[in-house]
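What follows is one structure encoded as structure tokens, with my remarks underneath.
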Amino acid sequence: MTKPLRSCRTLIAFATFAAACASALAFAPSSPDELASIFNTEVDRRLDVPPQELQRYANLAEQAFAQASVMPVMPQYVVVVDRNPHVQALLLMWRSMDGEYQLAGASPVSTGRPGTFDHFQTPLGVFEHTPSNMDYRAEGTYNENGIRGYGVQGMRVFDYGWQQVPKGWGDHAVIQMRLQMHATDPDQLEQRVGTIQSEGCVRIPASLNRFIDHYGLLDAEYDELAEGGQRLKVLQMDREPVADAGRYMVVVDSGRGMRPAWATHTGRRRPTS
């Protein structure tokens, strides 16, 4: 009797998960405009990107896709990160099938700071978010320096796998680096976003981490597995995944020699009503 009981419990668990997913879709943001409005109420570290800058980053993203021989075929959300030391920004954009872009929100981030041991410059390119490099969640533990490197317990670590990257120290030989996008210590490090600080990963504000996670903005492949019946522990039951989930983080360098006014971050901002 154990096996049938176990099967029954599995079916019930899957049915519950499927029902939760269906319910969440009913309340998920249905357009980039709606998502942008929610972004302004839920993300507390934001940047106001001028319209002309949007076209600049759309062009940089399209160039990166072309160089990587990647051509998104469906409308989807894309994360574009400018690693330039004078910018350090993440733009959450919706890309149409025709390659037109719409901004849903932008936040300051921290990318790699080469020059010391075990520090890399965040690599350029198109990086696919796939369950082949399964995400996980922060334990919220402190390291020997009293730092919670991935942020508080429960923060999602978006894993982009091993990348071949030149060392940012020593002989600059090309070696492997694990590329991730994640939150950081809220007490000691998050206030530094907007400047180069990381060992090579992309550090993002905690509120942005929750936002991307909750609305499944980069979870296209994860959703496909979930819809096929696979239970993924990293996907929370209360999430509200968007219909146009994407899978790409595009890292670019705008080549600026000075910080633009819009990229000057002044700390947390109150939600807009």
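As numbered in mature numbering (1 follows the signal peptide of the UniProt record, and there is no 0), residues -28 to -1, 1 to 245 make up the sequence shown, in order.
For every residue, glycine included, the Cβ atom is placed at its ideal position computed from N, Cα and C.
Quantities reported herein were computed from a predicted structural model and do not represent experimental measurements.
Item, Value
"Cross-strand partners of histidine 154 (DSSP beta bridge)", "Arg175"
"Distance CB(leucine 62)-CB(leucine 189) smaller than 8 Å", "no"
"Reduced DSSP category for tryptophan 141 - H, G, I as helix; E, B as strand; rest coil", "coil"
"Nearest-angstrom beta carbon gap, methionine 221 and methionine 153 [assumed within contact, 8 Å]", "6 Å"
"Beta-carbon proximity list for cysteine -8, same chain, < 6 Å, skipping 5 on both sides", "A caution first: cysteine -8 carries a pLDDT of 49, below 50, which makes its placement in the model unreliable, though a value can still be read off. Around cysteine -8: no qualifying Cβ."
"Counted within 10 angstroms of its Cβ, other Cβ atoms place tyrosine 114 as buried (16 or more) or exposed", "exposed"
"Pair within 8 Å by beta-carbon distance, proline 103 and glycine 166", "no"
"Ordered list of beta strand (DSSP E) runs contained in the stretch 158 to 226, each at least 3 residues", "220 to 224"
"Neighbourhood of leucine 96 by C-beta, 8 Å cutoff - its chain only, sequence neighbours within 5 removed", "Ala36, Arg55, Val223, Val224 and Asp225"
"Three-state class that DSSP yields for glutamate 14 in the structure shown", "helix"
"Those residues which DSSP pairs with arginine 128 across a bridge", "Arg109"
"Cα-Cα separation, alanine 233 to serine 9", "23 Å"
"Residue from Gln160, Pro158 and Cys173 with nearest C-alpha to methionine 149", "Cys173"
"Identity of the residue in Val50, Arg182, Val124 and His144 nearest aspartate 159 by Cα", "Val124"
"Leucine 57 (DSSP reduced to helix, strand or coil)", "Going by the sequence as given, residue 57 is proline instead of leucine. In this structure, proline 57 counts as coil in the three-state DSSP scheme."
"Test item: CB-CB of valine 15 and leucine 161 under 8 Å", "no"
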